[in-house]
Structure formats: C-alpha cells, structure tokens
Amino acid sequence: MIVEPVALANFFTVFFSAAMVILTGAIYALVFAYSRLRQRPRLMPLAYVAYLGLSVSVYSLAQAANLFNDTFWTFIVGLMLLGYFVAPHGVWHLCVATHDQEAVDGHKPHDEGTSSFVRS
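Okay, so the sequence shown: first residue is 688 according to our numbering, each after it adds one.
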C-alpha cells in the first residue's frame with residue numbers, strides 16, 4: 688500500500704494537475720449550478736466538458752504521482768471521479784427538495800427584515 692514517491696522531474700506535472708483538478712472541478716460545479724438555476728440547459732454540455740477536463744487532470748495527476756501502481760489508490764481515484772460527478776446532482780436535488788418542503792410548510796426562506804437564521 689506504500690506509494691512510490693513522486694520523481695522530482697514530475698513535480699511540475701503533479702502541481703499543475705492538482706491545480707487543474709481544483710479549477711475544473713469548480714468550473715464543473717459552477718456551470719452545472721448556473722445552468723440549473725437559470726434554467727439554461729444549453730449550458731449543461733459546458734459543465735460536462737469541464738468534467739472531461741477534470742477527468743483528464745485526475746488521470747494525469749494519478750499517473751504522475753504513481754497512484755495507478757496500487758489497486759487501493761486506483762480505486763480511490765475512481766471513487767473521487769464518481770464523487771465529483773455525482774455531488775452537484777445530489778446537492779441540486781437536495782436544494783430543490785428543501786425549497787419544495789418550505790413551500791409546502793408555508794415558510795418563507797427570507798422574511799423581510801429578519802435573518803434567515805432567526806425564527807419569529
């Protein structure tokens with residue numbers, strides 16, 4: 688289960704790939720949310736292009752960091768990709784369900800003059 692250390696020659700690749708994982712993951716989540724929130728389904732393919740960039744970045748990072756040499760770390764890489772894909776969908780459905788329940792209960796999410804944390 689010990690991973691071979693990253694070669695000094697691969698340091699830039701690891702650094703750049705890790706930064707791209709963060710950047711493309713954020714772009715995927717933001718474009719996904721914006722597309723759903725503003726009801727612009729034409730933007731959803733851009734979110735999936737960002738996810739494709741995320742997948743390439745994760746593969747590059749795992750390759751440079753020698754993570755594919757061990758089955759455990761290969762599984763973790765796959766789990767991470769699955770989590771990045773599913774998380775925005777899950778959060779969106781959770782938010783929609785929460786707001787639908789507020790409408791059913793008759794609660795207004797932002798009453799005038801009160802904080803959303805203060806109940807009257």
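C-beta: ideal position from N, C-alpha, C; glycine also.
Member of the options whose CA lies at the smallest distance from the CA of residue i
| i | options | result |
| --- | --- | --- |
| V783 | F698, A720, T761 | A720 |
| A716 | L766, V743, A737 | A737 |
| T700 | V778, P775, F755, Q750 | Q750 |
| R723 | A696, W779, T785 | W779 |
| A705 | R725, S742, Y735, A734 | S742 |
| V708 | R727, V764, L781 | V764 |
| V745 | A696, Q788, F703 | F703 |
Under the three-state DSSP convention, the category residue i falls into
| i | result |
| --- | --- |
| A694 | coil |
| R725 | coil |
| D757 | coil |
| A752 | coil |
Buried or exposed by the 16-neighbour rule on C-beta atoms within 10 Å, applied to residue i
| i | result |
| --- | --- |
| A713 | exposed |
| P732 | exposed |
| S803 | Model confidence at S803 stands at a pLDDT of 46, short of 50, so the residue's coordinates are unreliable; what they give is reported in the following sentence. Exposed is the call here. |
| P692 | exposed |
| V739 | The question names Val, but residue 739 is Leu in the sequence shown. Exposed, since its Cβ has fewer than 16 Cβ neighbours within 10 Å. |
| P775 | buried |
| R729 | exposed |
| V773 | exposed |
| A752 | buried |
| T711 | buried |
| A734 | buried |
| L754 | buried |
| L748 | buried |
Contact test: residue i Cβ vs the ligand FAD heavy atom, cutoff 7 Å
| i | result |
| --- | --- |
| C782 | No copy of the ligand FAD appears in this structure; indeed no ligand is present at all. |
CB contact check: residue i to chain D, cutoff 8 Å
| i | result |
| --- | --- |
| L768 | In summary, chain D is missing from the structure at hand, where a single protein chain is found. |
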